[in-house]
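What follows is a short report on a single structure.
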Amino acid sequence: MARRAPSSRRQQLERAALVPVDWLEERSGLAGGIKYFLFRKVPADINWMQTLGSATLTAFIVQAVTGVVLAMYYKPDPDAAYASILRITNDVTLGWLVRGMHKWGASVFIILMFFHMARVFLFGAYKYPRELNWIVGVGLLALGLFEGFTGYLLPWDETAYWASVVGININGTAPILGPFIVQFLQSGIEIGEDTISRFYALHMLVLPGAIGGLIGLHLYLVVRLGVTSPPWSPEAAGRERVEPGPSTNGNGRAGLVRPGARSGAPR
Amino acid sequence: MEPKRGEHGSHVAAPSLWPVGFAIGVAILLLGTILGWVIAGLGAVITALFGFLWIRDATNDLRGEEVAIEPERREVAPRASATAEPRPANEGEAGMPLPEEGEVERYPRSAFLGAATLGVGGVIGGLVTVPVLGFTILPAFTSQGSGQVDVGAVDDFEKEQWLITTFLQDPDQGEVSRRTAYIRNNGELDGQPSFTILSHRCVHLGCPVQPNGPVRDDEATRETRAENEITRIPADPSGFGCPCHGGQYDTEGNRKAGPPVRAMDRYEFSIRGGRLLLGQTYSVSEVRGQGAEARIKRHRLAKPGVHVDGPSSWLYPISPP
Ligand code: HEM
Ligand code: FES
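Quick note, the sequences are listed as chains F and G, same order. Residues in the first sequence are numbered from 1051 upward in steps of one, following this note's numbering. Residues in the second sequence are numbered from 7 upward in steps of one, following this note's numbering.
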C-alpha cells in the first residue's frame, strides 16, 4: 500500500474529528446556530464593561450548578434543615466548598447584576430599540432578589429565621395586598411546617426556571438587536454622527459632551 | 432536492448488518458473566469481530474508498397533473359544494378549526391551572385558627410575677410552632381573675421582644400536657425591648421608643377547671392604666408594622381570613 502524504493523513484525521459535529449539524443546524451566536458582529470599539452581562450569566450558572449539588444533601424540613446544613458544612467531603461557593456566589450574582445594570444605564444602552430588554432586565432583577430572599431562610438558623420574619413582614406593610402576601409566603398566619418547603420549592424550581427563561429572552434580544457602541464611539448607533466642532482633537470621546460645550475646555 | 450536507461532506453511512452481530456479541458477553468464562470469552470474540467489521464499514468513505449507496430519493416520473393548474376546492371527489344562489357563505372551516384548537387548549390549560393555583394559594388562607392552649394551672402564676411562658401553638406541627408569651397574674378585678398576656412578637416587624431585667432561668418550671411541653421562667422586667431595631415597650406593652407603631399584641384567655387557656391574639393601639385596672383599645389582629387606628390603617381595608 502506498504511503499517503502526511498532509492528507492530517486532513483525514481532521475529517474524522469533525464527523460528530457534522452528524449533529446535518440533523439540527445547531453548530451553525452556535457559530452564529459566538461569532456575530459587534461594534469594533466595544468595551470591557460590556462583558458584565456575561459575567452575571456565569455567576448564575455557578449558582445553578452548586445549588443542584447542595440539593442532594439538604433537607427542607423544620426539624432536619439545620442539621443537614451542619452536615454539609462539616461532614460531607468538599461540602464546605460547594456551600461556600453557593453562599458567596449569591452575593456576587446580585452585585454583578447591579454593575451590569449600571453599565447599561451609563452607556444609554436602554434606549430605542432596547427598551424591552431593559424591561426584561428589571424582571430578572426582581426575580434575582427574590431568589436571594427565599434562599436566605433555608439554613434555618436564628439569623435565617428572624431575618425572614422581618423580610416577610416588610412585605406585609404593602397597602391592601400586603397581609395576603405575608400569608401566602408563610403558607399560614405564622411561619410553620410548610414555610420552609415552600421557600425551597420557590428557590430551587420556580425562580431559577423563570430566571432561566427570561435570560433566554434577554439574550435573544441582545443577539437580535446587537450591542450598543460605547457613548464616546465615533460611529454612534446606526447613524451618521454630527461631527463635533473644530476644537476637538478627535480623541473619540466627543460624544460624552455636547459639541458646542466642549470648545476651549481644558484637557 | 439534495439532502443538506455538512461542510465536510458527511452523509448517512451505508446500511450495514454488522451492528446486529455486535449486539448479539454483547448479549453473549453479558450472559457469560453469569454462565461462565468460556461463554464470556466467546461473546467477547464475537463482539470484537463484528465491532471491527462495523467500524470498517462505517469509516469506508473516510478511508477514501468509494461506497455504493442506493440513492434515497429517486426521480419521480412527472405526472400529467403535476403541471396542471391547481384544482379549485369545489371540484373532484372531495369537493365542497359552492354556496347556492342567495345562500350566505358561512363560517369557513379553517376559522372553525383555529377557534376549536384555541378553545380546547384553553379548556385543558384551565383544567390544569385552576387546581394548581388553588392548591398553591388556598391552603395558606383556610383553616388557620388554632385551638386554645393550656399553659398551666392558675395557681402556677404567682400574683404580680411575670412568667416567660413558652408553648407549642399546635403540637401537631412540632417545635416550629413554639410561641412565647409574657404572662402576669394581676389578681382579681370585681371578683374575676385578671391576667396581662403579651405576645412576644415585636409589632414593628416581628422579632422576639426580650424582657428588660433579670430572668431567673434556674427557677424555671416545666410541664408537659397533651404532648405540649410548656416552660415558665420567672422574670422581673421594667419593660420590654426588641433586639432587631431597638423598639422599646413598657410593662403594659405600650410603645415607648423606636420604630413600632402600636402597643404589643395580646392573647385572649379563659380559665377552665383551674387551668389558664390562651386563645387567639389581638392587636392593641394603646393601653391606659395598669394591671387589672388597664383599659385596652382592642382591634382585630393586624400584621406587624401596620397601624390599627388612624388614617394609615385605611391602607389595609381587607384582612385575610
Ligand atoms: C440574570 C441577570 C442578567 C443577565 C444574565 C444578563 C445578561 C446580559 C448579557 C450577556 C448582555 C450582553 C451585553 C453585555 O454583556 O453587557 C446583556 C445586555 C443587556 N442587559 Fe442584561 N443581564 C441581566 C440583568 C439585567 C438587568 C437587571 C438589566 C436592567 C434592568 C439588564 C438590561 C440589559 C440591556 C438593556 C442590555 C442591552 C445592552 C446593549 O445592547 O448594549 N440586564 N445582558
Ligand atoms: S422588629 Fe422589633 S424593632 Fe424592628
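Note that CB positions come from ideal geometry on N, CA and C, so glycine has one too.
Comparing alpha-carbon positions, the option among Arg306/G, Thr227/G, Ala20/G and His210/G lying closest to aspartate 162/G turns out to be Thr227/G. If you draw a 10 Å sphere on the C-beta of methionine 1122/F, you find fewer than 16 other C-beta atoms in it, and that means exposed. Sorting Leu282/G, Asn260/G, Arg69/G and Gly252/G by C-alpha distance to the C-alpha of arginine 301/G places Asn260/G at the top. Here the distance from the Cβ of proline 265/G to the nearest heavy atom of ligand 2 is below 7 angstroms. For glycine 49/G, same chain residues with a beta-carbon under 6 angstroms away, outside a window of 5 residues either side, are Gly31, Ile34, Leu35 and Gly38 in chain order. Against chain F, the beta carbon of isoleucine 143/G has neighbours under 7 angstroms at Phe1234, listed in chain order. In the DSSP assignment, histidine 305/G forms a beta bridge with Ser289/G.
Assignment of alanine 269/G by DSSP, reduced to helix, strand and coil, places it in the strand class. Residue contact with chain G for glutamate 1197/F: absent (no Cβ-Cβ distance below 8 angstroms to any residue of chain G).
Listed as beta-bridge partners of leucine 169/G by DSSP are Ile189/G and Pro240/G. In the assembly as shown, valine 182/G is a buried residue. Its beta-carbon has 16 or more other beta-carbons within 10 Å. Closest in C-alpha terms to glutamate 292/G, from the list Gln286/G, Glu194/G and Asp271/G, comes Asp271/G. Judged by the Cβ position, glycine 140/G fails to qualify as a neighbour of ligand 2 at the 7 angstroms threshold, every heavy atom of the ligand being at least this far. Contacts with chain F at 8 angstroms (Cβ-Cβ) do not include glutamate 225/G. Serine 318/G and glycine 1187/F have their C-alpha atoms spaced approximately 34 angstroms apart. In the same chain as proline 1280/F, and ignoring 5 residues on each side of it, the C-beta atoms closer than 7 angstroms to its own belong to Asp1095, Asn1097 and Phe1173, in chain order. For glutamine 198/G, the uninterrupted beta strand (DSSP E) run begins and ends at 198-205, by DSSP.
In this chain, the alpha helix (DSSP H) harbouring valine 1188/F covers 1181-1203. Relative to ligand 2, the beta carbon of glycine 1222/F is positioned no closer than 7 angstroms to any heavy atom. At least one CB atom of chain F sits nearer than 8 angstroms to the CB of glutamine 179/G.
For glycine 1238/F, the distance from the CB to the nearest heavy atom of ligand 2 is not below 7 angstroms.
Judged by DSSP secondary structure, aspartate 156/G falls within the beta strand (DSSP E) whose first and last residues are 155-159. In this structure, DSSP gives proline 220/G a state outside helix and strand, which the three-state scheme calls coil. With distances taken between CA atoms, threonine 1223/F lies nearest to Lys309/G out of Glu107/G, Lys309/G and Gly57/G. Only exposed fits glutamine 198/G, as fewer than 16 other CB atoms lie within 10 angstroms of its CB.
DSSP places glutamine 179/G in the coil class of the three-state scheme, outside both helix and strand. When DSSP assignments are scanned along the segment 96-150 of chain G, no uninterrupted stretch of beta strand (DSSP E) that is 3 or more residues long falls wholly within it.
Sequence-distant partners of leucine 204/G (beyond 5 residues in either direction) whose C-beta falls short of 7 angstroms from its own C-beta, in its chain, are Ala187, Tyr188, Gly259, Met270 and Arg272. The criterion of a C-beta distance shorter than 8 angstroms is not satisfied by glycine 219/G and alanine 298/G. The criterion of a C-beta distance shorter than 8 angstroms is not satisfied by isoleucine 277/G and glycine 158/G.
Just so you know, the alpha carbons of alanine 121/G and arginine 115/G end up roughly 10 angstroms apart.
Checking the 7 angstroms criterion, the Cβ of tryptophan 1184/F is within range of a heavy atom belonging to ligand 1. Per DSSP, reduced to three states, the secondary structure at leucine 1144/F is coil, with no helix or strand assignment. When C-beta distances to chain F are compared with 9 angstroms, the residues of the segment 130-155 of chain G below that value are Thr142, Ile143, Pro145, Ala146, Phe147, Gln150, Gly151 and Ser152, in chain order. At a beta-carbon threshold of 8 angstroms, the residues of chain F lying near tyrosine 322/G are Pro1225, Ile1226, Gly1228 and Pro1229, ordered along the chain. Between the segment 1208-1216 of chain F and the segment 119-138 of chain G there are fewer than three C-beta pairs closer than 8 angstroms, too few to call the two in contact.
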